[in-house]
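Q: Anchor point for the sequence shown: position 175 equals 178 in our numbering, and the numbering is continuous, going up by one each time.
Note that the Cβ used here is the ideal one computed from N, Cα and C, for glycine as well.
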Amino acid sequence: MNKETLILAIESSCDETAAAVVKNGREVCSNIIFSQISLHTLYGGVVPEIASRKHIEKINQVIEEALREAGHELREMDAIAVTYGPGLVGPLLVGVSAAKAISFATDIPLVGVHHIAGHISANYIENKDLEPPFVCLVASGGHSHLVVVKDYGQYEIIGRTRDDAAGEAFDKVARAIGLGYPGGPKIDKIARMGNPDAIHFPRAKVGESEFDFSFSGLKSAVLNYLNSCQMKGEEVCTEDVAASFQQAVVEVLVEHAIHAVKQYGYDKFAIAGGVASNSALRAAMKERCDREGICFYHPSPVLCTDNAAMIGTAGYYEYIKGKRSGMDLNAVPNLKL
Ligand code: KG4
Ligand code: ZN
C-alpha cells in the first residue's frame, strides 16, 4: 500500500473518553484520553449514568484535540473506528453515535471495533515485529481471558474467568482495605512496601478447564482475613495484605498463561488490559518467559488501560480486510470476541 492509511479512533466503553489518530496501523499520531476517574472515586466505582453524561460533554473535544495534535484534518481520515462493545451501554452509545454522525456527514467509512480486540492490538503499537500467531492474556476490569490470536482479527478464547475479572478483584480488595477506586494502581503501589509471603491466600483451581480463572474465592479469603483480624482486635498491615493478594493473582495468571503458551506450541506471548500495567505481573511474566524461551510482549502502561490508539490499530486491520459497518451499528454491551 503506497498511500498512508489514517484512522480516527473513538473509545468510550467505560470511564475514559478517548480519541486517537493512527497511521498505517502502528504509528500513533495522537492519543487523547480524558479520564473520569476523579469523578467516580467519590462513589467507589464507575456510575454508568454519570459516565454517559461526561462522555457527551467531552467527546467532541477529545476528537478535535486528537485531530489537532496529529496535525490532520478530518477529511484526510480513511476510516472512523469506534468501540461498539463490550462495555456499559450508555457510555458505548455516546462513542458509537459520535462516530456514526461523523461518518454520515463526511462519507468516511465506519468500522466497529471489539474493545478486547483493541486491548490485544495495543501490543502491535510499540512492538513493530509482533505478528500473529501468539497467545495473549487479557486482564482488565471486566475480563480475564486467555486468547490465541490466530491472525489479525481472528481470536480463539481458550480460558476465561468463571466469576470476577482480575481487575475487579483488585478493585474489590482495594475497597476492603480502604484504598478506594480504582484499586489496581493503588494495590500495585503499596504492595511494593509489603511482604508477599506474609499471608497465604488460596490459588483457585477451576474444575475441568486448565486455562480458566476464578478470583472470587481469593477475594472472599481476603475479606475473611480482614474480618477475623477485626474480631480478634489484631492490627492489619495493609501493605502485607496488598502484596500477598497481588502475589496470589500474579501466580495464577502466570501459571495459566505459560501453560497455555506451551500447550499450544507458540513461542510468543503478550499481555493486555488494565491489569497488564501491574508492575509485579509484568516482572513475573518477563522472568518466566525468559526462563522458558518465550518472547514476551507488553504495551506501555498508558496503552494497557483504556485508550483509543488501540482501537485505531485494531480498526486498521479490520479496515484493510474490507470490514465496514453501516448506520445500523449499535452498542452491544455483551459483545462476544
Ligand atoms: O482495561 P481497563 O482500563 O478497563 C476495562 O476494560 O475494564 O482496566 C481497568 C482495570 C481496573 O480494574 C483497574 O483496577 C485495573 O485495570 N488496573 C490495575 C492496574 N492499573 C489498572 N490492576 C493492577 N495493577 C495496576 N497497576
Ligand atoms: Zn478496557
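Let's test the definition: count the other Cβ atoms within 10 Å of the Cβ of S231 and tell me whether it reaches 16, buried, or not, exposed.
A: exposed
Q: Am I right that V141 and V151 are in contact with their C-beta atoms under 8 Å? What's the rounded C-beta distance?
A: At roughly 12 Å, the Cβ-Cβ gap does not stay under 8 Å, so V141 and V151 are not in contact.
Q: Report the rounded CA-to-CA distance for I123 versus D243, giving the unit in angstroms.
A: 32 Å
Q: Would you tell me roughly how many angstroms separate the C-alpha atoms of A23 and A84, rounded to the nearest one?
A: Roughly 10 Å between the two C-alpha positions.
Q: Quick one: does the C-beta of S38 sit closer than 6 Å to a heavy atom of the ligand ZN?
A: no
Q: Could you check if S143 belongs to the surroundings of the ligand KG4, using beta carbon to heavy atom distance under 6 Å?
A: Yes.
Q: Which parts of the region 218-245 are runs of the alpha helix (DSSP H), unbroken and 4 residues or longer, counting only runs that do not cross its ends?
A: 219-235
Q: Can the beta-carbon of A194 be found closer than 7 Å to that of Q249?
A: yes
Q: Starting from K271, follow its DSSP beta bridges and name the residues at the other end.
A: C298
Q: Can the beta-carbon of Y184 be found less than 7 Å from the beta-carbon of Y320?
A: no
Q: Enumerate in chain order the residues of its own chain whose CB-to-CB distance from A102 is below 7 Å, with the five nearest sequence positions on each side excluded.
A: Counting only Cβ-Cβ distances below 7 Å, and skipping sequence neighbours, we find I13, I83, V85 and L113.
Q: In this structure, does DSSP put N198 in helix, strand or coil?
A: coil
Q: Would I119 be called buried (16 or more neighbouring beta carbons within 10 Å of its own) or exposed?
A: With 16 or more other Cβ atoms within 10 Å, it is buried.
Q: Less than 7 Å between the beta carbons of K61 and T109, yes or no?
A: no
Q: My guess is that V92 and P336 are in contact by the Cβ rule of under 8 Å, so how many angstroms apart are they, rounded?
A: Confirmed, Cβ separation roughly 5 Å.
Q: Ordered along the chain, which non-local residues of its own chain (more than five positions away) have a Cβ less than 7 Å from that of I202?
A: Cβ within range, chain order: Y228, D243, V244 and S247.
Q: So L70 is in the alpha helix (DSSP H); what residue range does that whole segment cover?
A: Note, L70: alpha helix (DSSP H), P51 to A73.
Q: Would the beta-carbon of A224 fall within 7 Å of that of V257?
A: no
Q: Considering just the uninterrupted stretch of the beta strand (DSSP E) at N34, what are its terminal residues?
A: E30 to S38
Q: Starting from the N-terminal side, write out each stretch of the alpha helix (DSSP H) that is 4 residues or longer and does not extend beyond the region 88-130.
A: Counting whole runs of 4 or more residues, the region 88-130 contains the alpha helix (DSSP H) stretches 92-109 and 118-129.
Q: Kindly indicate which residue of D191, N310, K289 and G296 has the alpha-carbon position closest to the one of V252.
A: D191
Q: Where does I180 sit, in a helix, a strand or coil, going by DSSP?
A: coil
Q: With a threshold of 6 Å (Cβ to nearest heavy atom), would V97 be considered close to the ligand KG4?
A: Incorrect: V97 has no Cβ contact closer than 6 Å to the ligand KG4.
Q: At which residues does the beta strand (DSSP E) containing Y158 begin and terminate?
A: Q157 to R163
Q: Flag this pair as yes or no: are the beta carbons of I314 and V264 separated by less than 7 Å?
A: no
Q: Sorted by chain position, which residues of the same chain lie with C-beta nearer than 8 Å to S16's C-beta, five sequence neighbours on each side aside?
A: T86, G88, P89, G90, L91, P94, L95, G98, H118 and D309
Q: Cutting at 7 Å between CB atoms, please list the residues of its own chain near S280, excluding the five before and the five after it.
A: P304, C307 and T308
Q: Between A275 and A125, how many whole angstroms is the CB-CB distance? I'm expecting something under 8 Å.
A: 6 Å
Q: Assuming T164 and F204 are in contact, meaning their beta carbons sit under 8 Å apart, how far apart are those beta carbons, in whole angstroms?
A: About 17 Å separates the two Cβ atoms, so there is no contact after all.
Q: Once DSSP output is grouped into helix, strand and coil, what is the label at E19?
A: strand
Q: State buried or exposed for T44, treating a residue as buried only when at least 16 other CB atoms are found within 10 Å of its CB.
A: exposed
Q: Which of helix, strand or coil does DSSP assign to L166?
A: One detail in the question is off: residue 166 reads as Asp in this sequence, not Leu. It is coil, neither helix nor strand.
Q: Going along the chain, which residues of its own chain have a beta-carbon closer than 8 Å to the beta-carbon of L340, five neighbours each way excluded?
A: Same-chain partners within the cutoff: H117, I119, A120, H148, V150, Y158 and I160.
Q: Relative to the C-alpha of F214, which residue among G236, Q266, C240 and M234 is closest?
A: Q266
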